[in-house]
Every structure is written in C-alpha cells, then in structure tokens.
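Working notes, structure below.
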Amino acid sequence: MQRQGILFVIVSSIVGVGIILSFYGNQVIFEDLIKGEGQVKFGENLIIPVELDNTKTQTGVYAIQIINFKEGITAKILDPFDKEIESQSINEEVFEGRFNITMPGIYKLVIENTDEKEIKIFGVVGPEPDAGKKSLVSISPWILIIGLIGVVGVAIYAIKNRKKSFS
231 MQRQGILFVI VSSIVGVGII LSFYGNQVIF EDLIKGEGQV KFGENLIIPV
281 ELDNTKTQTG VYAIQIINFK EGITAKILDP FDKEIESQSI NEEVFEGRFN
331 ITMPGIYKLV IENTDEKEIK IFGVVGPEPD AGKKSLVSIS PWILIIGLIG
381 VVGVAIYAIK NRKKSFS
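Using the working numbering, read the sequence shown as starting at 231 and increasing by one per residue.
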C-alpha cells in the first residue's frame with residue numbers, strides 16, 4: 231500500500247507540474263501582447279496601438295475574437311506612418327494573423343465594423359513570441375497527458391493489488 235501512495239504522489243506531482251507550466255506558458259506568451267476590447271457600432275473602429283521594434287523581432291501577430299460572430303468585420307494593421315500594411319476580412323469567430331515589422335514605431339490594429347449591429351470584439355497585437363516561449367506552451371499538455379496516464383496506471387495497479395490481498 232505504501233508503494234502505491236508513493237507512485238500516486240509522483241504522478242500527481244507530474245500533473246501539477248503540467249498545470250503550472252500551462253498557466254506560466256500562457257502568461258509568458260501574452261505578456262508582450264497588448265489587449266483591447268469594446269462594443270463596436272456600425273462605422274466605428276476599435277484601435278489597439280503597440281510599440282514594436284524590428285531589431286527585436288521581424289514579425290508581429292494579432293488575433294481577434296468576435297462574440298456572436300457576424301459578417302462585416304475588417305482588421306487592418308497600420309505601420310508607424312499610418313500606412314496600411316495588412317488588411318483582412320474576418321470570416322470566423324476567432325482569427326489570427328501575422329505581419330512584418332519593417333521599422334520601429336507604433337503599429338496599430340484597427341478593427342472596423344461594417345455590420346448594422348453593435349458587436350463585442352476582443353483584439354490583441356504585439357511581437358511574435360520566440361521559439362522558447364512557444365515550446366513551453368506546447369510541452370505542457372504532453373506533461374499533463376503523461377501525468378494523467380500515470381494516475382490511471384497507478385489506480386489500475388492499486389486495484390489489482392487490492393484484489394490479490396483479498397484472495
């Protein structure tokens with residue numbers, strides 16, 4: 231019985247590490263992204279500015295989530311001179327895009343509503359996370375899966391040993 235307890239503590243700690251890495255990884259990914267949200271009426275824009283430097287990263291990312299998705303949303307990225315460098319018509323509830331950072335300055339994510347109804351919109355924009363940050367987020371689910379498989383394995387082991395002790 232003591233062996234089962236030790237194994238259960240080990241696999242539970244693996245699950246705990248997976249959960250902590252998941253939260254920490256998401257925090258690290260989103261720390262450099264600027265968030266904005268609002269109710270955007272017909273003809274209005276949600277503008278999210280972010281300062282970016284092409285010496286630190288060459289690629290920027292943006293994401294948009296539309297609550298109660300409707301057609302008629304356009305996302306634009308403006309460079310520091312307010313020149314449009316990217317434009318996308320949003321055709322899904324959650325959209326992610328990338329753009330090139332060509333010079334240092336304040337870039338803007340401009341989300342336009344051309345629909346008749348007011349729409350709740352969330353948007354984020356910022357530098358693309360580096361490979362280390364991305365790998366932290368992608369490894370945490372695997373650690374969780376390994377830990378959960380271990381918990382199931384320890385439970386099966388405990389049940390089999392319990393049956394043997396009753397026999």
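All C-beta atoms, glycine included, are put in the ideal place defined by N, C-alpha and C.
In the DSSP assignment, Q234 falls within the alpha helix (DSSP H) that extends over 232-260. Ranked by Cα distance from P334, the first of V340, E281, G302 is E281. Here DSSP, grouped into helix, strand and coil, assigns G356 to strand.
Of the candidates I297, L308, I376, the residue whose Cα lies closest to the Cα of I331 is L308. From the listed residues E314, F253, Q232, the smallest Cα separation to K363 is found for F253. Proximity to I249 across G377, K347, Q269, G235 peaks at G377, based on C-alpha coordinates. If you check the CB distance, A305 and I315 do not come in under 9 Å.
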